[in-house]
Amino acid sequence: MTATVPGAADAVAPGAAPAGGLAAHQVCVAYGGQRVLDRVDLHVAPGETVGLRGPSGSGKSTLARVLALLHAPDSGHVTIDGEPLGGVRHRLPAQLRTRVAILFQSPRAATDPRLSLADVIAEPLRATGTPREQAAARTAELADLVGLTPDLLTRRPHAVSDGQLQRACLARALVHRPDYLLCDEATAMLDASTQAHVAAVVTDYQRRQGAGVLVITHDPALMKRWATRVVDLPAA
Amino acid sequence: MTDLALPARVRRLRRTGSAGTMVAVVVLGGVVAAALLAPVLWPLDQSAVDLSRTRLAPSPEHLAGTDDLGRDVALRSLYGLRVSLLVGAVAALVAAVIGGVVGAVAGSVGGWVDRALMRVVDTVAALPHLLLGIFVVAMLRPGLGAVIASIALTHWLSTARIVRSELLSLRNRPFVDAAIAGGAGRVRVLTRHLLPHVLPRLALATTLMVPHAVWHETALSFLGLGLPPHLASIGNMINDGQRSLLTGAWWASIVPGLLLVTATLALAVLTGRWRDRLDPRVRAELQL
């Protein structure tokens with residue numbers, strides 16, 4: 001239920017977490033000999049918003065990438081609904097990968113500069129074989145949800161603001177109706193009103209879909225408002 | 001935004017960009033058009049020997065004089081440039097295909113395949129490439145094909161490295177992560193998100209290779225290992241012209257040499273401009 005360090009009083013034995021949900025078990029990750037995550041457990045149940053806190057370099061983003069099935073831990077494993085996953089990235093089938101969506105801190109790095117915003121949002125659908133018309137309809141629906149006007153959809157990333165681009169990234173993250181949404185400092189680069197809108201869209205989606213959300217943020221106010229449970233990641 | 005706020009490179013491009021580019025376009029266009037249309041515009045026999053008119057100085061009749069066999073140097077230079085440009089372009093294209101495939105496989109498969117391919121690249125790169133080119137020419141039947149093979153087989157290395165390193169730097173970008181998390185398969189990630197970013201660089205590297213390949217062909221022909229002597233190529237002409245040089249007939253070597261320098265320099269200027277504009281940041285700022 002919580003991120004733990006060995007010996008911590010509230011340490012949860014591996015396997016004690018409830019079966020439903022997205023969970024990291026005893027995850028270790030090292031970069032060039034420097035251990036960033038040391039036997040970390042984290043559990044995100046459907047319907048809850050877990051806040052993840054920790055100093056810079058404590059491995060928050062790495063943990064998010066591990067949970068998003070994008071980075072293979074050196075040891076430990078990730079489970080979805082209690083099922084251990086045998087691999088990351090392309091070793092997992094697309095249906096499984098699309099159950100977890102991730103929203104990155106920098107929308108500019110997270111979008112292909114060659115694609116229009118409409119293509120950015122529709123790409124996950126097109127990649128998994130959805131016909132063009134259906135993908136376009138879903139794109140329009142999501143653009144409306146996140147507050148992007150149709151004329152913005154024809155523009156490329158370099159011609160829109162960070163806030164507008166992050167809205168497109170949010171639409172892309174929701175396009176497959178994921179069961180889990182990981183927000184890795186997703187609102188750090190945004191102005192207050194966009195930040196509030198992004199948080200509202202995520203909260204609303206979570207309520208309707210019963211999705212589990214992981215929020216990484218340095219903003220105490222946002223954390224307090226958003227997260228139902230806060231987990232501290234110790235410094236590496 | 002004031003002009004001063006822009007990076008120096010952008011300001012320079014704005015100020016001199018269009019003028020310098022126009023000069024290069026006109027020069028390259030003119031030279032290439034003259035070379036390609038030579039048989040139509042001047043339907044004379046460039047290889048006609050006239051021993052009564054050898055080593056004539058430039059005159060209205062022979063704009064660049066004649067060589068030691070009485071052939072018109074200007075006309076023969078244009079024909080030579082045709083051959084040199086053809087060899088250079090085809091060799092650069094073949095090198096780009098070899099290097100592109102090797103780099104794409106190494107950069108997208110990774111692991112031991114990547115390591116093995118890169119060791120091959122390192123090994124070939126460790127050999128002096130003119131020497132290796134001479135070896136390849138010596139192994140094959142002399143002619144255009146041998147020269148093209150010799151240049152292509154020694155010049156795919158940099159392309160392979162460029163494509164591989166571009167793929168490696170793109171592979172772990174968040175937008176590729178997002179595509180994978182969104183369900184895109186390996187082939188779609190490669191064809192839709194990785195290769196389109198590499199293609200402009202590959203095209204640029206190929207174009208930059210053309211002047212180099214032309215010079216390489218010239219070097220091989222100058223050494224007498226390239227194209228057969230009767231075929232007018234820039235290298236053959238410079239080589240032939242050496243005999244006239246000692247008698248004071250400088251034009252037989254200098255004119256084809258100058259033509260080559262002019263054409264390749266204009267091409268290099270254009271590809272340099274292209275490379276500057278390829279940077280999306282510079283491109284976006286130029287549009288402001």
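Order-wise, the sequence lines are chains W and X.
In this text, residue positions in the first sequence follow full-length UniProt numbering: the first is 1, and each later residue adds one.
In this text, residue positions in the second sequence follow full-length UniProt numbering: the first is 1, and each later residue adds one.
Where a beta carbon is used, it is the ideal one built from N, C-alpha and C, also for glycine.
Identity of the residues DSSP links to residue i by a beta bridge
{"i": "S108 of chain X", "result": "Its beta-bridge partners do not exist; DSSP assigns none."}
{"i": "P84 of chain W", "result": "W:T79"}
{"i": "C183 of chain W", "result": "W:L103 and W:V215"}
Assigned secondary structure, residue i (DSSP; H/G/I helix, E/B strand, else coil)
{"i": "V78 of chain W", "result": "strand"}
{"i": "V201 of chain W", "result": "helix"}
{"i": "T66 of chain X", "result": "strand"}
{"i": "residue 321 of chain X", "result": "Given a span of 1 to 288 for chain X in the structure shown, any question on residue 321 of chain X remains unanswerable."}
{"i": "N239 of chain X", "result": "helix"}
{"i": "H52 of chain X", "result": "The sequence given here has Ser at residue 52 of chain X, not His. Of the three classes helix, strand and coil, the one that applies to S52 of chain X here is helix, per DSSP."}
{"i": "residue 237 of chain W", "result": "What is shown of chain W runs 1 to 236, which leaves residue 237 of chain W out entirely."}
{"i": "L145 of chain W", "result": "helix"}
{"i": "V66 of chain W", "result": "helix"}
{"i": "D45 of chain X", "result": "coil"}
{"i": "E133 of chain W", "result": "helix"}
{"i": "E166 of chain X", "result": "helix"}
{"i": "R225 of chain W", "result": "helix"}
{"i": "S77 of chain X", "result": "helix"}
{"i": "T264 of chain X", "result": "helix"}
{"i": "L270 of chain X", "result": "helix"}
{"i": "P228 of chain X", "result": "coil"}
{"i": "V120 of chain X", "result": "helix"}
{"i": "P256 of chain X", "result": "helix"}
{"i": "T139 of chain W", "result": "helix"}
{"i": "P73 of chain W", "result": "coil"}
{"i": "H176 of chain W", "result": "coil"}
Outcome for residue i when other beta-carbon atoms lying within 10 angstroms are tallied against a minimum of 16
{"i": "P220 of chain W", "result": "exposed"}
{"i": "D204 of chain W", "result": "exposed"}
{"i": "W251 of chain X", "result": "buried"}
{"i": "W112 of chain X", "result": "exposed"}
{"i": "D151 of chain W", "result": "exposed"}
{"i": "T217 of chain W", "result": "buried"}
{"i": "T98 of chain W", "result": "buried"}
{"i": "V5 of chain W", "result": "At V5 of chain W the pLDDT is 44, less than 50, meaning the model places this residue with poor confidence; the figure from the coordinates comes in the next sentence. When all chains shown are included, V5 of chain W counts as exposed."}
{"i": "V26 of chain X", "result": "exposed"}
{"i": "A17 of chain W", "result": "At A17 of chain W the pLDDT is 47, less than 50, meaning the model places this residue with poor confidence; the figure from the coordinates comes in the next sentence. Looking at its Cβ environment, which holds 16 or more other Cβ atoms inside 10 Å, A17 of chain W is buried."}
{"i": "T264 of chain X", "result": "buried"}
{"i": "F104 of chain W", "result": "buried"}
{"i": "A235 of chain W", "result": "exposed"}
{"i": "N172 of chain X", "result": "exposed"}
{"i": "F175 of chain X", "result": "buried"}
{"i": "L41 of chain X", "result": "exposed"}
{"i": "S161 of chain W", "result": "exposed"}
{"i": "R164 of chain X", "result": "buried"}
{"i": "A227 of chain W", "result": "buried"}
Start-to-end residues for the alpha helix (DSSP H) that takes in residue i
{"i": "G145 of chain X", "result": "L144 to H155"}
{"i": "Q95 of chain W", "result": "A94 to R97"}
{"i": "R229 of chain W", "result": "Here R229 of chain W belongs to no alpha helix (DSSP H); instead the beta strand (DSSP E) covers R229 to D232."}
{"i": "D191 of chain W", "result": "Looking at the DSSP string, D191 of chain W is not in any alpha helix (DSSP H), and its letter there is neither H nor E."}
{"i": "A235 of chain W", "result": "Looking at the DSSP string, A235 of chain W is not in any alpha helix (DSSP H), and its letter there is neither H nor E."}
{"i": "G250 of chain X", "result": "A small fix is needed here, since residue 250 of chain X is Trp in this sequence, not Gly. That residue, W250 of chain X, is in no alpha helix (DSSP H); it is neither H nor E in DSSP."}
{"i": "V210 of chain X", "result": "L195 to F222"}
{"i": "L130 of chain X", "result": "H129 to M139"}
{"i": "residue 237 of chain W", "result": "The question about residue 237 of chain W has no answer here: the residues shown for chain W are numbered 1 through 236."}
{"i": "A179 of chain X", "result": "P174 to A181"}
N- and C-terminal bounds of the beta strand (DSSP E) containing residue i
{"i": "T154 of chain W", "result": "T154 of chain W -> no beta strand (DSSP E), and no H or E assigned at all."}
{"i": "A24 of chain W", "result": "L22 to Y31"}
{"i": "G51 of chain W", "result": "T49 to R53"}
{"i": "P39 of chain W", "result": "The sequence shown places Arg at residue 39 of chain W, rather than the Pro named in the question. Q34 to V44 is the extent of the beta strand (DSSP E) around R39 of chain W."}
{"i": "L103 of chain W", "result": "V100 to L103"}
{"i": "G57 of chain W", "result": "Neither: G57 of chain W is in no beta strand (DSSP E) and is coded neither H nor E."}
{"i": "L214 of chain W", "result": "G212 to I216"}
Residue i: contacting residues in chain W (beta-carbon distance under 8 Å)
{"i": "G185 of chain X", "result": "H90, A94 and A127"}
{"i": "A193 of chain X", "result": "Note that residue 193 of chain X corresponds to His in the displayed sequence, not to Ala. Those within 8 Å of H193 of chain X in chain W are D112."}
Amino acids of chain X, ordered along the chain, whose beta-carbon sits closer than 8 Å to that of residue i
{"i": "V100 of chain W", "result": "A181"}
{"i": "H176 of chain W", "result": "G182 and G183"}
Chain W contact residues for residue i, given Cβ-Cβ distances below 7 Å
{"i": "A177 of chain X", "result": "The identity of residue 177 of chain X in the sequence shown is Asp, whereas the question assumes Ala. Going along chain W in sequence order, the residues near D177 of chain X (Cβ under 7 Å) are L70."}
{"i": "P196 of chain X", "result": "R114"}
Chain-ordered neighbours of residue i on chain X, where CB pairs are closer than 7 Å
{"i": "A109 of chain W", "result": "R173, P174 and F175"}
Amino acids of chain B, ordered along the chain, whose beta-carbon sits closer than 7 Å to that of residue i
{"i": "R188 of chain X", "result": "The displayed structure is made up of protein chains W and X, and chain B is not among them."}
Proximal chain X residues relative to residue i, where beta-carbon distance stays under 9 Å
{"i": "P124 of chain W", "result": "A178, A179, A181, G182, G183 and A184"}
{"i": "S106 of chain W", "result": "P174"}
Any non-hydrogen atom of the ligand GDP closer than 6 Å to residue i Cβ
{"i": "G59 of chain W", "result": "By its list of ligands, the structure shown contains no ligand whatsoever, and the ligand GDP lies outside what it can speak to."}
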